[in-house]
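All remarks here apply to the structure that follows.
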Amino acid sequence: MKQIFTPDNKVRVLIAGDVILDRYLHGDTTRISPEAPVPVVHVKETEERPGGAGNVALNISKLGVQCCLVGITGKDDSADLLEKYLTDENVECQFIRQDGFPTVTKLRVLSQHQQLIRLDYEAAVIQVDVEKINALFVQQLQDTEVVVLSDYAKGSLRDINNLIQQATASGCTVLIDPKGTDFSRYQGASVLTPNLKE
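Numbering (my numbering), first residue to last: 7 to 204.
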């Protein structure tokens with residue numbers, strides 16, 4: 007099997023995909039709301055961390071590998087938070103901040119380690135500037151050996167076939183974190199890493 011990461015980790019990885027903010031509210035539940043038959047959570051802790059392609063970039067960076075993350079966000083506090091968190095973890099962030107939709111955010115409310123509800127903040131239809139993300143991706147391919155495309159079906163990888171072609175033409179190994187079961191759209195990639203249910 008081809009070795010992707012060398013022992014000295016002198017490899018540059020370009021990650022492109024759907025950048026997501028995962029937010030968690032932790033608290034105690036001791037009563038039912040008088041307004042509706044739902045639990046009242048007394049929030050004691052808020053936790054925020056990168057999800058989606060951001061989480062992939064974070065994990066790769068922790069291996070001591072140089073990496074760059076390309077993705078689309080909104081022009082909001084969530085994007086600012088993600089960029090600061092990832093930059094502090096040595097991830098180079100190249101975000102296209104687009105008007106008209108929020109940075110994809112998943113808010114989970116938990117009590118006693120049990121998830122009670124998840125709230126998703128995202129636009130119903132994301133109009134992606136395909137040319138802009140393709141141009142930024144090609145620009146970042148310079149000196150890159152490995153490309154990871156993290157697809158969560160949020161719109162950032164709408165033109166994924168072109169990205170795969172550009173990466174392979176540059177001699178990169180291309181890994182895909184796929185969404186769904188139609189793997190034909192990832193033709194030309196080196197490796198697919200679907201979840202067990204996929």
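No residue lacks a Cβ here, since even glycine has one placed at the ideal position from N, Cα and C.
Item                                                                                                                                              : Value
I'd like to know whether the C-beta atoms of Lys50 and Gly77 end up nearer to each other than 7 Å.                                                : no
Spatial neighbours of Leu122 within its chain, please: C-beta separation below 6 Å, excluding the five flanking residues on both sides.           : Val115
For Gly57, is the classification buried or exposed, using 16 other Cβ atoms within 10 angstroms of its Cβ as the cut-off for buried?              : buried
Can you tell me which of Glu89, Gly177, Thr79, Tyr192 puts its alpha carbon nearest to the alpha carbon of Ser162?                                : Thr79
Nearest CA to the CA of Tyr91: which residue from Lys112, Gly60, Pro108, Val47?                                                                   : Gly60
In the DSSP assignment, the beta strand (DSSP E) including Tyr30 goes from what residue to what residue?                                          : 25 to 38
Pair every Cβ in the segment 146 to 163 with every Cβ in the segment 39 to 47, then say whether three or more of these pairs are closer than 8 Å. : no
Compute the Euclidean distance between the alpha carbons of Val97 and Leu64, then round it to the nearest angstrom.                               : 7 Å
With Phe107 and Glu89 assumed to form a contact (beta carbons below 8 Å), what rounded beta-carbon distance in angstroms separates them?          : Not a contact, Cβ separation roughly 17 Å.
In terms of DSSP beta bridges, what is Ile139 paired with?                                                                                        : Paired residues: none, contrary to the question.
In angstroms, rounded to a whole number, what distance separates the CA positions of Met7 and Asp105?                                             : Note that Met7 scores a pLDDT of 40, beneath 50, so its modelled location is shaky and nothing firm can be said.
Alpha carbons only, please: which of Thr187, Val19, Val153 is nearest the one belonging to Val197?                                                : Val153
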